[in-house]
Structure formats: C-alpha cells, structure tokens
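Quick mapping for you: the protein sequence lines, in order, are chains A and B.
Going by my numbering, the residue at position 169 of the first sequence is 171; the numbering climbs one at a time, nothing skipped.
Going by my numbering, the residue at position 323 of the second sequence is 325; the numbering climbs one at a time, nothing skipped.
Positions of the beta carbon are idealized from the N, C-alpha and C atoms, including for glycine.
Encoded as structure tokens, the structure appears first; notes follow it.
Protein chains: 2
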Amino acid sequence: MNYLTTDKLVIVGAAGMIGSNMAQTAIMMGLTPNICLYDPYGPALEGVAEELRHCGFEGLNLTYTTDVKEALTDAKYIVNSGGAARKAGMTREDLLKGNAAIAEQFGKDVRAYCPDVRHIVVVFNPADITGLVTLLYSGLKPSQVTTLAALDSTRLRSELSKYFGIPADEIVNSRTYGGHGEQMAVFASTTMMNGKPLTEIIGTEKLPDKDWEEIKLKVVQGGKNIIDLRGRSSFQSPAYLSIEMIGAAMGGTPFRWPAGVYVNNDRYQHIMMAMETTITKDGVKVMPVKGTPAEEEALDKSYRHLCALRDEVISLGIMPPIDQWGKLNSNLG
Amino acid sequence: MNYLTTDKLVIVGAAGMIGSNMAQTAIMMGLTPNICLYDPYGPALEGVAEELRHCGFEGLNLTYTTDVKEALTDAKYIVNSGGAARKAGMTREDLLKGNAAIAEQFGKDVRAYCPDVRHIVVVFNPADITGLVTLLYSGLKPSQVTTLAALDSTRLRSELSKYFGIPADEIVNSRTYGGHGEQMAVFASTTMMNGKPLTEIIGTEKLPDKDWEEIKLKVVQGGKNIIDLRGRSSFQSPAYLSIEMIGAAMGGTPFRWPAGVYVNNDRYQHIMMAMETTITKDGVKVMPVKGTPAEEEALDKSYRHLCALRDEVISLGIMPPIDQWGKLNSNLG
Chain A
3 MNYLTTDKLV IVGAAGMIGS NMAQTAIMMG LTPNICLYDP YGPALEGVAE ELRHCGFEGL
63 NLTYTTDVKE ALTDAKYIVN SGGAARKAGM TREDLLKGNA AIAEQFGKDV RAYCPDVRHI
123 VVVFNPADIT GLVTLLYSGL KPSQVTTLAA LDSTRLRSEL SKYFGIPADE IVNSRTYGGH
183 GEQMAVFAST TMMNGKPLTE IIGTEKLPDK DWEEIKLKVV QGGKNIIDLR GRSSFQSPAY
243 LSIEMIGAAM GGTPFRWPAG VYVNNDRYQH IMMAMETTIT KDGVKVMPVK GTPAEEEALD
303 KSYRHLCALR DEVISLGIMP PIDQWGKLNS NLG
Chain B
3 MNYLTTDKLV IVGAAGMIGS NMAQTAIMMG LTPNICLYDP YGPALEGVAE ELRHCGFEGL
63 NLTYTTDVKE ALTDAKYIVN SGGAARKAGM TREDLLKGNA AIAEQFGKDV RAYCPDVRHI
123 VVVFNPADIT GLVTLLYSGL KPSQVTTLAA LDSTRLRSEL SKYFGIPADE IVNSRTYGGH
183 GEQMAVFAST TMMNGKPLTE IIGTEKLPDK DWEEIKLKVV QGGKNIIDLR GRSSFQSPAY
243 LSIEMIGAAM GGTPFRWPAG VYVNNDRYQH IMMAMETTIT KDGVKVMPVK GTPAEEEALD
303 KSYRHLCALR DEVISLGIMP PIDQWGKLNS NLG
C-alpha cells in the first residue's frame, strides 16, 4: 500500500465512535502508516486497535497508548475528537467549561510534547471555542490549527439535493460561514445549481421562500435529526470530513469545504470561525469570499455571536483576556 | 472520483453498525457510485443515508429503501449483514433458526428480484449456515456466494505480530480453514515468518507449545475480546473485510484471505466452509492447500463439525435433506 507520508498521525479520542472511524478512514485514505491512537479510556482504545489489526491492512504501523506524552511525542499531525459528550443534567455551560478545560490541557500537552507538530484539526464541541483554546495554549501559528466546520455546508448540499431531486453533484459550492447551527451565515449567492446562483432561485416558484426557510431549518437540525433517526450522534460524517482536512494538510487531496480558522483582520478580530480556506502543506489560509449585502450582514451577526461566546469563556476564566493572548502565544500578539 | 464499476451494490442490513461501515468503506474504496442501502428498520436506515450524504462524497448515487424488491431489483452485487443479534434469553438454536429463516427469505428474494446478481457476500452468523441457505434458495451458482471467513486468519496474524513484537507484514499467509472459532483448523505450516514456516518455530524456545496454545485461544476469543473491551461486537473489521471481498468480485484488488465457499469435491461434500480461494470477476474458486498430516486431520474434523451443524439445520426443517437440494437449486444437483 502506498501512503501519502510517513509522518506520525495521532488520533485523540480514538476509543470513541468518531475517533475509531477516523482511524479506519485515515488508513483507508492511505495518509500514513504511522498512526497512533490515543485515549484515556484504555480498554475501549485497545478494542479499537484490535479491530483495526483484524482488518489486515498492509504496511500499517499502528500503535495505541493511554499516555499522552507517548502519544504526542514526534506527532506531526493530530486530529482531536476527544471531548466529553453532554450528559444528563449537564448545562450548556458545564459542557463548555469541561471541553474548554480539555482543550487547554491538550494545547499545553502539544506545546510540551510536540511543538514541531505541523497541523491539528479539532473536532469536539463547541469547536470554535475548543479550537481557539487549543491554538492559544499550544503556541502554534494560526495556520496550524483548524476546526471541523464543513457539516453545515454538506448538509445544505444534501438538503438541496433532496428538495430538487437532483444529484448532490449538481449543487456546487454550497456554503455556510461563521458560526454553526442557528448561528451559521448561509451564502446562497455562492451556491450554484446548473450554473445559476441559488439566490436567483430562492423566492421563485422553484424554491419559495417558505421552503427555503425549511431547508435552512433542516440544516440547522441536521445533527439532532441523526440522533432522532439513529439513536446516536453522527460520527461517520464528522470523522470522514476531519480526516479529509488532515489529508489536505499533509499535501493530499484539496479540502473542498469551509474550515474553522483563526481570523484576525480588519473586519473580524481574534476569533475562530468557519471561512472559505485552502488547506495545504503550508497550513490553512483564509480566502476572500463575497456575498450579498444580506449575507455579509448575516456573517457579521454570526461573528458577533461568536465574540459573545468567546467573551463568556473569558469571563468564566477559561481563557485570559485578549490583550494577554500574546503572552501565551506570541503568534497571536 | 473514479469508481471501479457502475454496477448496483446493495448493502443489506445497512442500518446496523456493520452495514453502515460497509457502505462508507465501499464508497471510500471507490467500488461503485450506485449504492443502495436496505434495511427493514427505516429510521436508522435514513440516519445512515443522511450521515453518508453529509460526508460530501463526489459522484455518489446513494439510495436507500425499506422495500426489499426495490432494493434488490437490478442488483449486481450484494453484501448482507442483515442478521439478528443474539438477545438475552435466546438459545443458540433460537439464533440459528432465526438467522437461517432470514437467509432463506433473502435467497428467495434474490431469486425473485435479482436472478442476474453476480456475487453475494454473506456476513451474518453462523455464516457457514446462512451462506449455505442463501445459496440453496437463491438458485445461484456456488461460485457466486461467499461468506466472511477471514477474521480468524487476520486475528492469528495480529496475535503472532503482538507475541513476537514484529510488524504484522512480517507474518505472511496466516491461515485458518474449515469452521470458525473453536472449530477452526489452523494451518501453521502455511504461515511464514521471515521465510520460515511457523511449524518450525512452534515448540522451540521462540514459541513454546504452551504459548502457541494461548495464541490460538486468543484467536478463538478474538470476537469476545472486542465485546469485553469495547462493550460492543466488532463491526469495523467484518465490514472492512467483506467489502474487500465484494471489491475483488467486482474485479478490484485481489482478496488476500480465506473465504467461506461451497465445497463439494472428493473430500468434502455439500458444505460451506473457509478455504483458500481466489475471488475474481468470474466468482470464487477453491484453491488447493496442503498442510501437515495433523493440520489435514484438523480440517477433516472441522468439516465433520460443520456437517453436524448442517444436519442439525436440516433436522430442524430449516433446510431440506441434501438429496433434495438439486430441486431447489439445479447448480447443487
């Protein structure tokens, strides 16, 4: 089997449904033979490693460990789905605090054990925050950390495909930016159907406004819908897409969807949000995107919501105030 | 994305853990864009279809249905993991009867809706029986039906790799034939380590007999061990390997492990068992294999066990007596 690179890829949270799928996906994509599975939950982690050994892959050098230092040492690429799931009785703030704390420790571990890592994809929720916290504490450059942010866009494509009864391929460049779910900014003007922008179709009899609102609602509820249907959170799509992202960062197939990225420019400051990007061996780069005035306004609104969430995290003492970020990570100064 | 073929592939049992992994694996392997997911459990099936749509695959024509006729019509390849799992209070015989009945109906459905199917891989337990029942009622040729039988061999490779602390690739041609688990016949003489048959290593200080017995026990308990470790039955390895099998039947990468196949020759009659095979576009073909006298005897014993199981199934009225098989399927006459 030919692999794209021999660099060490670490899957954090490998004992879980997303992490175990990530590992299988990375192997099948032929990214690297050197894959290390890490998770603090030893038995399930070993079970995943056993399953993957039992697949009989060729040329694979699969390791696993519950020791974070061992896992991260020499890591060049990391995909992290190792957050906690929301449990009964937990408030949204409990989850936010818990996963932000996990991201903080992860960032510190990266700084301590693999400062030469090339790229990290953060998947656990809320990824805009956990990615930002990881970036802050790891000391990495903004180009080296991305978060999974493609699912709203792929769900938009899927819903449009179902609505019009056409192959998903005929819907090109479906895009949401900014935050996720209810906070996403849908850029319908960039979405092409048979060469026509979706904005020219919305409000016509082909796609009445009411139906368009329903489509967007279905996108927002896409994750909840999976739970209702399958009785478990989605794991195949987040796993697959995040491995596509790390594959692009390794110099493989370009990633075709928005990614969560640290933005600090004239318009948006000190925030992690879904943007148009390219992900290459040189890392992630924000690409320009131009929507209608209403879409741009929606993106501004989404940004403001993300700022409020970030500031809440700061006020909870999980992150220091922005003016102190440069002390923690000189790349953010 | 380039696909191996455009023939219709049906995943039966697609709502389950094995089936949903099969679908993702088949897409990622680029076997065919025309994949139909079938399962009688509608909501979970839709959830799996949604997840796969959300992956954003290119060029995919994914359909799903709870209507078996719709699913099987025009099917050219089928992988079936649609058996029932053993539930609390069920005896072994209950499970056997239940899954044999499912296989019988599946065989009849194949005969009714897709008599031109090229190849079927049967995965649900006990696969030696469910595969045989499928073959009998479908009317297909023995070359067109295989069962997943590779896991004992991949587990043997994995256990040897762990025991010797060497890459799995250095263990070549690890093989078990006949039945599964405790009934498997291990062909250590065909297994090469650095060019040396394993039989020359067993009983030496490198691999004392006691340790070899422990390795075999670990292979037998490989599936149970996954349940103990992960809290769920293995699904990634059976899914991956069975899709490798159907890929080989489509003319893709050769399958590198034993497969369950209908055998009726001078030595073994009217039985489905793990053998050395090739799987190509022309179907499955049994290949000769030569073990030590002790290994050959173990295979004979394994065959006799499978015959007893088959005869039990006949005595339960699930299958007709062998002398009537030709009336049901002229290819077995």
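For the alpha helix (DSSP H) containing residue i, list its first residue and its last residue.
{"i": "B/Val50", "result": "Gly44 to His56"}
{"i": "B/Thr136", "result": "Ala129 to Ser140"}
{"i": "B/Asn227", "result": "Gly224 to Arg232"}
{"i": "A/Thr156", "result": "Leu153 to Phe166"}
{"i": "B/Val70", "result": "Val70 to Leu74"}
{"i": "A/Gly183", "result": "Segment: none, A/Gly183 is in no alpha helix (DSSP H) and carries neither H nor E."}
{"i": "A/Gly328", "result": "Trp327 to Leu330"}
Within the 8 Å Cβ cut-off, does residue i reach chain A?
{"i": "B/Glu184", "result": "no"}
{"i": "B/Glu172", "result": "no"}
{"i": "B/Gly58", "result": "yes"}
{"i": "B/Ala73", "result": "no"}
{"i": "B/Asn63", "result": "yes"}
{"i": "B/Ser244", "result": "no"}
{"i": "B/Arg55", "result": "yes"}
{"i": "B/Met30", "result": "yes"}
With 8 Å set as the bound, which would you pick, yes or no: does the beta-carbon of residue i sit closer than that to a beta-carbon of chain B?
{"i": "A/Gln26", "result": "yes"}
{"i": "A/Glu95", "result": "no"}
{"i": "A/Ser235", "result": "no"}
{"i": "A/Asn196", "result": "no"}
{"i": "A/Ser239", "result": "yes"}
{"i": "A/Thr34", "result": "no"}
{"i": "A/Ala46", "result": "yes"}
{"i": "A/Glu52", "result": "yes"}
{"i": "A/Gly49", "result": "yes"}
{"i": "A/Pro169", "result": "yes"}
{"i": "A/Met277", "result": "no"}
{"i": "A/Met321", "result": "no"}
For residue i, which residues does DSSP report across the bridge?
{"i": "A/Lys287", "result": "A/Thr280"}
{"i": "A/Met195", "result": "A/Ile173 and A/Lys198"}
{"i": "A/Ala114", "result": "Paired residue(s): none; A/Ala114 is not in a bridge."}
{"i": "A/Ile204", "result": "A/Leu209"}
{"i": "A/Leu64", "result": "A/Ile37"}
{"i": "B/Leu243", "result": "DSSP output for B/Leu243 lists no bridge partner at all."}
{"i": "A/Gly262", "result": "A/Thr149 and A/Ala276"}
{"i": "B/Ile122", "result": "B/Ile80 and B/Val147"}
With residue i as the anchor, note down where its beta strand (DSSP E) starts and where it stops.
{"i": "A/Tyr305", "result": "Premise fails: A/Tyr305 lies in the alpha helix (DSSP H), Pro295 to Ser317, not in any beta strand (DSSP E)."}
{"i": "A/Gly253", "result": "Neither: A/Gly253 is in no beta strand (DSSP E) and is coded neither H nor E."}
{"i": "B/Leu39", "result": "Asn36 to Tyr40"}
{"i": "B/Tyr179", "result": "Thr178 to Gly180"}
{"i": "A/Tyr79", "result": "Tyr79 to Asn82"}
{"i": "B/Met19", "result": "No beta strand (DSSP E) holds B/Met19; the alpha helix (DSSP H) holding it covers Met19 to Met30."}
{"i": "B/Val12", "result": "Leu11 to Val14"}
{"i": "B/Ala187", "result": "Met186 to Val188"}
Could you say which of the options lies nearest to residue i if we only look at CA atoms?
{"i": "B/Thr8", "options": "B/Gly183, B/Gly18, B/Gly61 and B/Met194", "result": "B/Gly61"}
{"i": "A/Asp118", "options": "A/Lys10, A/Pro45, A/Glu106 and A/Lys218", "result": "A/Lys10"}
{"i": "B/Lys292", "options": "B/Gly225, B/Asn101, B/Val188 and B/Ser155", "result": "B/Val188"}
{"i": "B/Ile407", "options": "B/Asn196, B/Ala190 and B/Gly197", "result": "What is shown of chain B runs 3 to 335, which leaves residue 407 of chain B out entirely."}
{"i": "A/Thr68", "options": "A/Gly15, A/Glu299 and A/Lys220", "result": "A/Gly15"}
{"i": "A/Ile245", "options": "A/Gln26, A/Gln146, A/Met19 and A/Asn4", "result": "A/Gln26"}
{"i": "B/Tyr58", "options": "A/Phe257, A/Lys283, A/Ala296 and A/Tyr264", "result": "Before going on, a small fix: residue 58 of chain B reads as Gly here, not Tyr. Among A/Phe257, A/Lys283, A/Ala296 and A/Tyr264, the Cα nearest to that of B/Gly58 is on A/Phe257."}
{"i": "A/Ile217", "options": "A/Phe237, A/Asp130, A/Asp171 and A/Ser160", "result": "A/Ser160"}
{"i": "B/Pro323", "options": "B/Ser155, B/Leu134 and B/Gly249", "result": "B/Leu134"}
{"i": "B/Asn266", "options": "B/Thr255, B/Pro295, B/Pro42 and B/Tyr305", "result": "B/Tyr305"}
{"i": "A/Met195", "options": "A/Met275, A/Leu330, A/Gly109 and A/Phe166", "result": "A/Phe166"}
{"i": "B/Tyr79", "options": "B/Cys116, B/Ala51, B/Leu64 and B/Arg55", "result": "B/Cys116"}
{"i": "B/Ala251", "options": "B/Asp230, B/Val315 and B/Asp284", "result": "B/Asp284"}
{"i": "B/Met289", "options": "B/Met277, B/Thr282, B/Ala300 and B/Ala296", "result": "B/Met277"}
{"i": "B/Lys89", "options": "B/Glu298, B/Asn82, B/Gly100 and B/His182", "result": "B/Gly100"}
{"i": "A/Lys110", "options": "A/Thr132, A/Thr93 and A/Val125", "result": "A/Thr132"}
Got a sec: does the ligand HEM put a non-hydrogen atom nearer than 7 Å to the Cβ of residue i?
{"i": "B/Ala250", "result": "Looking at this structure, you won't find the ligand HEM or any other ligand, since it has none at all."}
For chain D, find out if any of its Cβ atoms is closer than 8 Å to the Cβ of residue i; answer yes or no.
{"i": "B/Ser22", "result": "Absent from the structure is chain D; the protein chains it does hold are A and B."}
**Study point:** the stretch 249-269 of chain A: positions lying closer than 8 Å to chain B by Cβ
**Key:** So the close ones are Arg258 and Trp259.
Point to revise | Within 8 Å of chain A by C-beta, residues of the stretch 214-231 of chain B in sequence order | key: Gly224, Asn227, Ile228, Asp230 and Leu231
Exercise for review: Pull out every residue of the stretch 98-114 of chain B whose Cβ sits closer than 8 Å to any Cβ of chain A, in chain order.
Suggested key: none
Review point. Name the residues in the stretch 134-159 of chain A whose C-beta lies less than 9 Å from a C-beta of chain B; which are they?
Key: Ala152, Leu153, Ser155, Thr156, Arg157 and Arg159
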